[in-house]
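I have placed the structure first, in the form of structure tokens, so that the comments after it can refer back to it.
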Amino acid sequence: MQDPEKLKKSWEFRRAYQKGKKYWNRYFVIYVLHNQCDHRRLGVTVSKKVGKSVQRNRVKRLIRESFRQLRTRVKVGYDIVVVGRTPAGRLTCQETQNALAHLFQKAAILNGSRQHDGNLNKN
């Protein structure tokens with residue numbers, strides 16, 4: 016993932032948390048915020064409840080790799096923050112990709128997906 020595709024600054028994460036739409040499942044919470052750029056940007060955080068740093072870093076790597084695989088299907092112009100929850104520590108790469116694809120589809124940011132109001136929390 017190249018630098019323009021990463022969220023790095025704390026204010027970028029805060030803006031996504033405060034103004035973005037929140038979608039979740041058992042493994043992840045995602046915050047999706049429309050940006051004015053011509054590319055998609057990803058930010059990754061993992062709760063300390065997931066485990067020690069080795070396990071948290073593994074979950075982050077799985078999230079980044081899954082996003083890399085899904086990147087061509089994700090619409091441009093969005094900031095996406097993925098928060099790994101405790102059960103995410105037991106996922107395989109394919110399970111991680113499936114869980115994220117399901118959330119991206121709920122958020123209607125996959126090409127060809129429609130809005131689903133299943134567990135949408137508007138701020």
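Numbering-wise, the sequence shown is residues 16 to 138 according to the working numbering.
We put the beta carbon where it would ideally sit given N, CA and C, even for glycine.
Keep in mind that this is a model prediction, so the values were computed, not measured.
Can you tell me the Cβ-Cβ gap for residue i and residue j, rounded? I've got them flagged as a contact below 8 angstroms.
i: A12; j: Y38; result: Only positions 16 to 138 of the chain appear in the structure, and residue 12 is not among them; the question remains open.
i: V96; j: F28; result: 6 angstroms
i: V47; j: I124; result: 6 angstroms
i: Q120; j: Q84; result: About 15 angstroms separates the two Cβ atoms, so there is no contact after all.
i: N50; j: D94; result: 5 angstroms
i: S62; j: T101; result: 7 angstroms
Helix, strand or coil for residue i, going by three-state DSSP, please let me know.
i: Y42; result: coil
i: R56; result: strand
i: K24; result: coil
Does the separation of the CB atoms of residue i and residue j fall below 8 angstroms?
i: S81; j: C52; result: no
i: A103; j: V65; result: yes
i: L57; j: L22; result: yes
i: A116; j: N40; result: no
i: R71; j: E20; result: no
i: N126; j: K90; result: yes
Exercise. Taking only runs of the alpha helix (DSSP H) that begin and end inside the region 65–132, which ones reach a length of at least 4 residues, in chain order?
Worked result: 68–85 and 108–121
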